[in-house]
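Enquirer: The sequence shown begins at 1 in the UniProt record's numbering and counts up by one.
For glycine and all other residues, C-beta sits at the position ideal for the given N, C-alpha and C.
Fair warning: this is a prediction, and the values are worked out from it, not measured in the lab.
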Amino acid sequence: MSGAETDLTQRPGLPARPPVRTAAEARAAVTEALARCFPVGGRLHGDACLAATELVTNAIRHAGGVTGFAVRADRAAGLTIEVEDAADAGPSGDAAHLDDPTRLGGRGWPLVRLVSSHWEVEPLPGGGKRIRITLTG
């Protein structure tokens with residue numbers, strides 16, 4: 001891995017940083033990865049922390065918690081965040097409701113899609129899913 005790339009991965013069987021279990025820990029991992037490749041404090045940092053918070057919070061609230069977390073920063077490719085959970089159902093939410101001040105909840109996934117340049121949801125072999133997003137600065 002070159003100095004222009006950082007990979008902070010938490011998966012079973014891999015030695016890595018302490019497991020990410022909360023939104024605060026996800027933001028810390030994103031900040032650490034970004035600091036090695038990008039200036040921290042700009043729009044990319046804010047968008048990445050928002051996306052990581054929403055993905056981890058959704059995994060906790062709707063899928064029994066985070067089962068895997070990875071963040072990779074690369075100057076050329078941007079920042080990739082992966083969150084795995086045990087639920088097979090994909091995320092939901094409608095961007096049409098983002099501006100509705102009377103609606104409570106349901107904004108997380110639309111916000112993640114809004115700040116991401118690419119996103120995908122893939123089923124995991126033993127059940128559950130991995131959500132992978134990419135943000136570019």
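Less than 9 Å between the beta carbons of S116 and A51, yes or no?
Expert: Contact flag set, yes.
Enquirer: What do you reckon, are the CB atoms on K129 and G65 nearer than 9 Å?
Expert: Their beta carbons are not under 9 Å apart, which means K129 does not touch G65 by this criterion.
Enquirer: Would you mind reading off the limits of the alpha helix (DSSP H) that contains G108?
Expert: Residues 108 to 115.
Enquirer: For V71, report the span of its alpha helix (DSSP H) as first-last.
Expert: Careful: V71 lies outside any alpha helix (DSSP H), inside the beta strand (DSSP E) at 66 to 74.
Enquirer: Could you say which of R21, A77, V56, R27 lies nearest to H118 if we only look at CA atoms?
Expert: Of R21, A77, V56, R27, the residue nearest in Cα terms is A77.
Enquirer: May I ask you to list the residues that DSSP assigns as paired with I133?
Expert: DSSP output for I133 lists I81, W119 as bridge partner(s).
Enquirer: Excluding five sequence neighbours on each side, which residues of the same chain lie with their C-beta closer than 7 Å to the C-beta of G108?
Expert: Excluding positions up to five away in sequence, the list reads E54, T57, N58, G93.
Enquirer: Is it buried or exposed, E84, if we count other Cβ atoms within 10 angstroms and call 16 or more buried?
Expert: Classification for E84: buried.
Enquirer: Please name the residue, chosen from V20, A23, R36, that lies closest to R75 on a Cα-to-Cα basis.
Expert: When each option's Cα is compared against that of R75, the closest is R36.
Enquirer: Looking at the structure shown, is G46 part of a helix, part of a strand, or coil, going by DSSP?
Expert: Three-state result, G46: helix.
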